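First up is the structure itself, then whatever we jot down about it.
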Amino acid sequence: MTDVFHDTISGDRGLHIEEPLIFEQDSPGALGVDWPQVEARPDRLGGLAREGAIGLPSLAEPTVVRHYTRLSQKNYGIDTGLFPLGSCTMKHNPRLNERLARLPGFADIHPLQPESSVQGALRLCRELQRWLMALTGMPCVALTPGAGAHGELCGMMAIRTALDARGEESAARRRVLVPDSAHGTNPATAAALGFQVVSIPEDARGRVDLARFEALLEGGIAAVMLTNPNTCGVFENDIRRIADAVHEAGGYFYCDGANFNAIVGRVRPGDLGIDAMHINLHKTFSTPHGGGGPGAGPVVFSEALAAYAPVPRIVEEDGLLRLEEINGAALGRMKAFHGQMGMFVRALAYLMSHGSDGLRQVSGDAVLNANYLLRRLEGPAMHEALFDDRLLRDSGVTTLDIAKAMIDEGLHPMTVYFPLVVHGAMLVEPTETETRASLDRFTAIMRGLAKRAKAGAALSEAPHHAPRRRLDETRAARRPVLRWQPPGDAKRDVPGV
Numbered sequence: 001m002t003d004v005f006h007d008t009i010s011g012d013r014g015l016h017i018e019e020p021l022i023f024e025q026d027s028p029g030a031l032g033v034d035w036p037q038v039e040a041r042p043d044r045l046g047g048l049a050r051e052g053a054i055g056l057p058s059l060a061e062p063t064v065v066r067h068y069t070r071l072s073q074k075n076y077g078i079d080t081g082l083f084p085l086g087s088c089t090m091k092h093n094p095r096l097n098e099r100l101a102r103l104p105g106f107a108d109i110h111p112l113q114p115e116s117s118v119q120g121a122l123r124l125c126r127e128l129q130r131w132l133m134a135l136t137g138m139p140c141v142a143l144t145p146g147a148g149a150h151g152e153l154c155g156m157m158a159i160r161t162a163l164d165a166r167g168e169e170s171a172a173r174r175r176v177l178v179p180d181s182a183h184g185t186n187p188a189t190a191a192a193l194g195f196q197v198v199s200i201p202e203d204a205r206g207r208v209d210l211a212r213f214e215a216l217l218e219g220g221i222a223a224v225m226l227t228n229p230n231t232c233g234v235f236e237n238d239i240r241r242i243a244d245a246v247h248e249a250g251g252y253f254y255c256d257g258a259n260f261n262a263i264v265g266r267v268r269p270g271d272l273g274i275d276a277m278h279i280n281l282h283k284t285f286s287t288p289h290g291g292g293g294p295g296a297g298p299v300v301f302s303e304a305l306a307a308y309a310p311v312p313r314i315v316e317e318d319g320l321l322r323l324e325e326i327n328g329a330a331l332g333r334m335k336a337f338h339g340q341m342g343m344f345v346r347a348l349a350y351l352m353s354h355g356s357d358g359l360r361q362v363s364g365d366a367v368l369n370a371n372y373l374l375r376r377l378e379g380p381a382m383h384e385a386l387f388d389d390r391l392l393r394d395s396g397v398t399t400l401d402i403a404k405a406m407i408d409e410g411l412h413p414m415t416v417y418f419p420l421v422v423h424g425a426m427l428v429e430p431t432e433t434e435t436r437a438s439l440d441r442f443t444a445i446m447r448g449l450a451k452r453a454k455a456g457a458a459l460s461e462a463p464h465h466a467p468r469r470r471l472d473e474t475r476a477a478r479r480p481v482l483r484w485q486p487p488g489d490a491k492r493d494v495p496g497v
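Quick note: the sequence shown uses full-length UniProt numbering, first residue 1, plus one each step.
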């Protein structure tokens, strides 16, 4: 096959061009490079050498470029339009930061270079640490964790190490309290470390039920894991009381920093009694999400946990910076190397270009935009707007129908069915980088969809105009197809796609 073979799917709802898989465009003999002939060599694999072809397609360079370009044109990203995923903080990534991350000395260094040859990179890491400690009011920060969930693991490992150092291994010191509205990674992280997860119910305001929380402290706990602002989009205004009660019970306070964008420059987590908190650089400090590069989830620690932070740590001796690999109290290493240099460059560029006053405006504008949406669509919020499906139930239209119909309107859907404590939840986070015109367009589309739903419009078949129609998600989960095989050749060894 070549790149000219494209199936056309037509119908009363429009015309779609079907892009073949890269494997389906295989053209034996076509290559973008000329490989030299290699002489046969003795078997050095102990009889484990592959007997057949690896199964990768042969393609000319133009075919490859056109294939991936066409795929990119079917994609939706933050550079395409509003990305309203709640609790994800999908803000614009400034192009200046991208250019700085590619400067020689940052983009081309190797983690095993001599420390004397990367002093500038280490100083940049130290400067980023200084900013993060100043903004959080915490005395220590570990840059190693590679993402938010990895940061959670790091923080909870430090708590477990501190408890072990105290010699407290009772059953009570293995209980971790987690609100019902928490991100799923919170209870998963605690359970992975051997803790017993105990749920804390929400009150009618969408905040922690204090009376029931305090009752759960009896007998002692290891920690509480709390997101603030929480996933219902409201600030836990009793957070200081919660922190004091946890500490009095002998436990530690872990804060999920996923929503730090709502309070950065205005509230220092350290002043709230927090002992550990991860920071998603791809959220608050605008490094790319997902395919834009590897993640980074630095963790800040209070004085009570600073000694247990992981190695390596950046220290200065005789005017030179080095990575300290051994520290007796440390929990150990989180991964092989120190972190993601490209993300550190982008985050520091974002911090320095905004300054402390600009960061304060960032959080203020993020909260303002969320409340603007809510006022247009009804209700109060912090940095994200949470809706339920109560107005849709009589029409037979579901939250999923609304999300799929948004695709036909040129919008990416919001986060749906989360947090779990809200029936049919639709969680929207516009961030501070959206204009009023963008928000007005979003609210107009949402009002239009609600009106159509109430009028009995059939939204259950949406989307109609996307490259892919609605999938059977239940079947995909229960009977996943994880690899492609050519028709009539089920035994051929082909990598999954």
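Heads up, the beta-carbon is just placed ideally off N, CA and C, and yes, glycines get one too. It should be emphasised that the depicted structure is a prediction, and the values quoted were computed from it without experimental measurement.
Here's a check: name, in chain order, each residue in its chain whose Cβ is nearer than 6 Å to the Cβ of Pro179, leaving out the five neighbours to either side. Position 179 of the sequence shown, counting from 1, holds the residue named residue 179. Hits under 6 Å: Ile200, Val208.
What do you get for Pro495, buried or exposed, if any count of 16 or more other CB atoms within 10 angstroms of its CB means buried? Within the sequence shown, residue 495 is the residue found at index 495, counting from 1. With a pLDDT of 43 at Pro495, under the threshold of 50, the predicted position of this residue should be treated as unreliable, though the coordinate-derived value follows. A residue is called buried when at least 16 other Cβ atoms come within 10 angstroms of its Cβ; Pro495 does not meet this threshold and is exposed.
Is the beta carbon of Glu432 less than 7 Å from the beta carbon of Ala366? Stepping through the sequence shown from its first residue, residue 432 is reached at position 432. Stepping through the sequence shown from its first residue, residue 366 is reached at position 366. Yes, these two residues count as a Cβ contact at 7 Å.
Nonlocal neighbours in the same chain, by C-beta distance under 7 Å from Thr161, ignoring five residues either side: As a working mapping, residue 161 is identified with position 161 in the sequence shown. Non-local beta-carbon contacts of Thr161 in its own chain, meaning distances under 7 Å to residues more than five positions away in sequence, involve Tyr308, Leu331 in chain order.
Just to confirm, is the Cβ distance from Pro145 to Ala306 under 7 Å? As a first step, residue 145 is located in the sequence shown; it is residue number 145 there, counting from the start. As a first step, residue 306 is located in the sequence shown; it is residue number 306 there, counting from the start. The beta carbons of Pro145 and Ala306 sit no closer together than 7 Å.
Report yes if the CB atom of Gly342 is closer than 7 Å to the CB atom of Ala147, and no otherwise. Reading the sequence shown from its first residue, position 342 is the one you call residue 342. Reading the sequence shown from its first residue, position 147 is the one you call residue 147. Cβ distance not < 7 Å, so Gly342 and Ala147 don't count as in contact.
Counting only runs of 4+ residues fully inside the UniProt domain "Aminotransferase class V" (168–290), write out the alpha helix (DSSP H) ranges in chain order. Within the UniProt domain "Aminotransferase class V" (168–290), the complete alpha helix (DSSP H) runs of at least 4 residues are 185–192, 210–216, 239–248.
Can you tell me which of the three DSSP states Ala53 falls into? Reading the sequence shown from its first residue, position 53 is the one you call residue 53. In the three-state reduction of the DSSP assignment, Ala53 falls in the coil class.
What whole-angstrom Cβ distance do Tyr350 and Pro57 have, given they're in contact under 8 Å? Numbered from 1 along the sequence shown, position 350 holds the residue referred to as residue 350. Numbered from 1 along the sequence shown, position 57 holds the residue referred to as residue 57. Not quite, the Cβ-Cβ distance comes to about 40 Å (not below 8 Å), so this is no contact.
Residue from Gly250, Asn280, Leu85, His110 whose Cα sits closest to the Cα of Val428: Position 428 of the sequence shown, counted from the start, is the residue given in the question as residue 428. The candidate whose alpha carbon is nearest that of Val428 is Leu85.
Among all the DSSP beta bridges, which residues are the ones paired with Met426? Taking the sequence shown and counting its residues from 1, the one referred to as residue 426 is at position 426. In DSSP, Met426 forms a bridge with Phe387, Val416.
Determine, using beta-carbon pairs with one atom in the segment 271–282 and one in the segment 116–124, whether at least three such pairs fall under 8 Å. Here the segment 271–282 makes no contact with the segment 116–124; the two share fewer than three CB pairs at distances below 8 Å.
Secondary structure at Val494, three-state DSSP: helix, strand or coil? Position 494 of the sequence shown holds residue 494. Confidence is the limiting factor: at Val494 the pLDDT is only 41, short of 50, which leaves the residue's position unreliable, though a coordinate-based value still follows. Three-state DSSP puts Val494 in coil, outside helix and strand.
Whole angstroms is fine: what's the gap from Asp3's alpha carbon to Gly55's? Start at 1 with the first residue of the sequence shown, and residue 3 comes out as number 3. Start at 1 with the first residue of the sequence shown, and residue 55 comes out as number 55. Summary for Asp3: the model assigns pLDDT 43, below 50, so the residue's position carries little reliability, and this model does not support an answer.
Pull up the distance between the alpha-carbon of residue 501 and that of Thr89, whole angstroms please. Coverage of the chain is limited to positions 1 through 497, which leaves residue 501 absent and any answer about it impossible.
With respect to the beta strand (DSSP E) encompassing Glu317, which residues constitute its N-terminal and C-terminal limits? The residue given as residue 317 occupies position 317 in the sequence shown. Taken as a continuous stretch (DSSP letters only), the beta strand (DSSP E) holding Glu317 covers 313–317.
Alpha carbon of residue 498 to alpha carbon of Ala444, nearest angstrom: The chain is shown from 1 up to 497; residue 498 falls before or after that span and cannot be answered.
Which residues in the same chain have their Cβ closer than 8 Å to the Cβ of Met1, if we skip the five residues on either side of it in sequence? Translated into the one-based positions of the sequence shown, residue 1 becomes position 1. Low confidence applies here, because Met1 scores a pLDDT of 41, under 50, leaving its location unreliable and the question unanswered by this model.
Would you mind sorting Tyr254 into buried or exposed? The rule is 16 or more other CB atoms within 10 Å of its CB. The sequence position of residue 254 within the sequence shown is 254, counting from 1. Counting every other CB atom within 10 Å of its CB across the protein chains shown gives Tyr254 a total of 16 or more, marking it as buried.
As a quick exercise: from Leu449, Thr435, Arg436, pick the residue whose alpha carbon is nearest that of Asp408. Here residue 408 refers to the residue found at position 408 when the sequence shown is read from its first residue. For Asp408, the closest alpha carbon among the candidates Leu449, Thr435, Arg436 is that of Leu449.
So, with DSSP's three-state summary, where would you put Glu324? The count along the sequence shown starts at 1 and reaches residue 324 at position 324. The DSSP-derived three-state label of Glu324 is strand.
C-alpha gap between Val132 and Phe285, whole angstroms: The residue labelled residue 132 in the question sits at position 132 within the sequence shown. The residue labelled residue 285 in the question sits at position 285 within the sequence shown. In the sequence as presented, Val is not what sits at residue 132; that position holds Leu. For Leu132 and Phe285, the distance between alpha carbons rounds to 10 Å.
Assuming Asp256 and His338 form a contact by the criterion Cβ under 8 Å, report the distance between their Cβ atoms to the nearest whole angstrom. Indexing the sequence shown from 1 puts residue 256 at position 256. Indexing the sequence shown from 1 puts residue 338 at position 338. That pair is no contact at about 23 Å.
With the cut-off set at 7 Å, would you say His282 and Val299 are in Cβ contact? As a working note, residue 282 is residue 282 in the sequence shown. As a working note, residue 299 is residue 299 in the sequence shown. No, these two residues do not count as a Cβ contact at 7 Å.
Okay, do the segment 452–467 and the segment 392–400 touch, 3+ Cβ pairs below 8 Å being the bar? Yes: the two stretches touch, three or more of their Cβ pairs being nearer than 8 Å.
Considering only residues of the same chain and omitting the five flanking positions on each side of Ala172, which have a CB-CB separation below 6 Å? Mapped onto the sequence shown, residue 172 falls at position 172. Answer for Ala172: Gly219, Gly220, listed in chain order.
Can you tell me where the beta strand (DSSP E) holding Ala142 begins and where it ends? Against the sequence shown, residue 142 aligns to sequence position 142. Per DSSP, Ala142 is one residue of the beta strand (DSSP E) stretching across 140–142.
Secondary structure of Leu445, DSSP reduced to three states: Walking along the sequence shown from the start, residue 445 turns up at place 445. Strictly speaking, residue 445 in this sequence is Ile, with Leu absent from that position. DSSP places Ile445 within a helical segment (H, G or I) once states are collapsed to three.
Can you list, in chain order, the residues of its chain with a C-beta nearer than 8 Å to that of Ala243? Leave out the 5 residues immediately preceding and following it. Working through the sequence shown from its first residue, we reach residue 243 at position 243. Around Ala243: Phe253, Leu272, Gly273, Ile274.
Any idea what DSSP makes of Glu303, helix, strand or coil? The residue given as residue 303 occupies position 303 in the sequence shown. The answer is coil: DSSP assigns Glu303 none of H, G, I, E or B.
Roughly how many angstroms lie between the CA atoms of Val246 and Pro310, to the nearest whole one? Position 246 of the sequence shown holds residue 246. Position 310 of the sequence shown holds residue 310. The alpha-carbon atoms of Val246 and Pro310 are separated by roughly 24 Å.
Assuming Ala149 contacts Thr189 under a Cβ cut-off of 8 Å, what Cβ separation, rounded to an integer in Å, is found between them? Position 149 of the sequence shown, counted from the start, is the residue given in the question as residue 149. Position 189 of the sequence shown, counted from the start, is the residue given in the question as residue 189. So it is a contact: roughly 7 Å between Cβ atoms.
Three-state secondary structure (DSSP) of Glu61: On the sequence shown, residue 61 is found 61 positions in, with the first residue counted as 1. Correct three-state label for Glu61: helix.
Let me check you understand the geometry: is the CB of Arg175 closer than 6 Å to at least one non-hydrogen atom of the ligand NAP? With respect to the ligand NAP, the structure offers nothing, as it holds no ligand at all.
Option in Leu226, Arg205, Ala211, Ala204 with minimal Cα separation from Pro187: To locate residue 187, count along the sequence shown from 1; it is residue 187. Answer by Cα proximity: Leu226.
Whole angstroms is fine: what's the gap from Gly251's alpha carbon to Ile78's? As a position in the sequence shown, residue 251 is number 251, starting the count at 1. As a position in the sequence shown, residue 78 is number 78, starting the count at 1. Cα atoms of Gly251 and Ile78: separation of roughly 40 Å, rounded to the nearest angstrom.
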